[in-house]
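Participant: Dropping the structure in here first, questions after.
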Amino acid sequence: MNIREKLIMLAQEGASYKDLATTYHIWQMESGKKYESVCDGCHGAITIADSIYPDSLRHLNKPPVVLFYEGNILLLNKMPKVAIVGTRKATSYGMSVAEKLGYTLVNAGVPVVSGLARGIDVASQRYAADRGLAIAVLGNGLDIYYPYKNKVIQDTIAEKGLLISEYPGEVRGTKWSYVARNRIIAALSSLVIVVESPERGGSIHTAEFAMELGVPVAAVPGDIFRITSRGTNALIADGAMIITKPEDVLSMINVVAYTNDKHGLVDILREHGGIMNISVLRGYYDSTGSLMKDIAYLEMKQIVKMEGSVVILIE
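Below is the structure:
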């Protein structure tokens, strides 16, 4: 039994994150390998040991050691991707905005990431589902429809897009599993958009995860008298980018790419001949976490690479 088979078996048996992570890291130390491709031709699950596993997830504080999936796994590494999230108790205005944002992104060839909850999530992915550009991150196993009224769109995404979950088969979601999946939504995305949300809730959790990871956040302004606008208006007040028309999202992706690719870390590396020790780079940052987020982002875009403790510019 190879490491991939063992991790999947343990996950299916309900092993905890700690048990899965311990098993993987013991294998990693014993084998002397970092990340090995063991998923050639596989279907249904990938592990952190697989080459197709996104680097952005590896840099999470608690990365999912196993991801179960249905659909086109290649979507997982298609860039850029944009997350659209929001309250389950959406207004007709919020639903309309979510649908239009999803439509705008898909017509530009950009996958839409969301949690497939009722309300904003589903509205954002209706158009993307039919066109094979929806990535739904579930807080329950892939055999569960929650809510059941999402069965048709969930089946469509499984057939044409991509469903992923860190929970096997018929595992039902909990309050905490739905919060935990939001970190995956944030880490997979180049931009997180919150359409409507109260001051606390899953969408705000996703935005907070994004901020911690250095992923830009945008929000749609709303009626100051509505509870479902308090969260988005607060995000804007705290510095989130504001969406005033659907087309804004396309320029935001370009701005995000330009900001991360052409300034900051890239410029520092250029000034030092394209190669620097990470201990020296640390002096240019407020925290090691911020530095590692930038390195992870640029590695994902194949602009830099790490070799031991050295960061190398490869553009």
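Sequential numbering from 351 applies to the sequence shown in the working numbering. For each residue, glycine too, the CB sits at the ideal point set by N, CA and C.
(1) I believe V545 touches G452 by the beta-carbon criterion, under 8 Å. Please report the beta-carbon distance rounded to the nearest angstrom.
(2) Going by beta carbon distance, what residues of the same chain come within less than 7 Å of I662, once the five residues before and after it are set aside?
(3) Please identify the residue among E355, S464, E449, K428 whose C-alpha is closest to the C-alpha of K651.
(4) Does the beta-carbon distance from G581 to I554 come in below 7 Å?
(5) Kindly indicate which residue of V460, I507, G564 has the alpha-carbon position closest to the one of I603.
(6) Whole-angstrom Cβ separation of L425 and L512, contact assumed at under 8 Å?
(7) Where do the ends of the alpha helix (DSSP H) carrying A530 lie?
(8) Cβ atoms of A486 and I470: under 7 Å apart, would you say?
(9) Taking only the alpha-carbon atoms, compute the straight-line gap between L357 and P413 and give it to the nearest angstrom.
(10) Let's see if you can read the secondary structure: which residues bound the beta strand (DSSP E) around G421?
(11) Is the separation between the beta-carbon of V431 and that of V456 shorter than 7 Å?
(12) Would S474 and L492 be called neighbours here (beta carbons separated by less than 7 Å)?
(13) Are the CB atoms of A537 and L410 within a distance shorter than 7 Å?
(14) Quick one: residues in its chain with C-beta nearer than 6 Å to the C-beta of D573, no 5 flanking neighbours on either side, listed in chain order?
(15) Using 7 Å as the threshold, is the C-beta distance between I618 and Y634 below it?
(16) I want to know whether the segment 492–508 touches the segment 519–528 - three or more CB-CB distances under 8 Å.
(17) How far does the alpha helix (DSSP H) with I503 in it reach, from first residue to last?
(18) Can you have a look at R533 and say buried or exposed, based on whether 16 or more other CB atoms are within 10 angstroms of its CB?
(19) Could you check what DSSP says for E549 in three-state terms: helix, strand or coil?
(20) Please report how far the alpha carbon of N610 lies from the alpha carbon of L648, in whole angstroms.
Facilitator: Once the coordinates are examined:
(1) Not a contact, Cβ separation roughly 10 Å.
(2) G624, I625, V654, K655
(3) K428
(4) yes
(5) V460
(6) 4 Å
(7) 525–538
(8) no
(9) 14 Å
(10) 416–421
(11) Residue identity differs from the one stated: residue 431 is Lys in this sequence, not Val. The answer is no: Cβ separation not under 7 Å.
(12) no
(13) yes
(14) S579
(15) yes
(16) yes
(17) 501–510
(18) buried
(19) coil
(20) Residue confidence for N610 is low, a pLDDT of 49 falling below 50, so the modelled location carries little weight; the figure read from the coordinates is stated next. Their Cα atoms are separated by approximately 8 Å.
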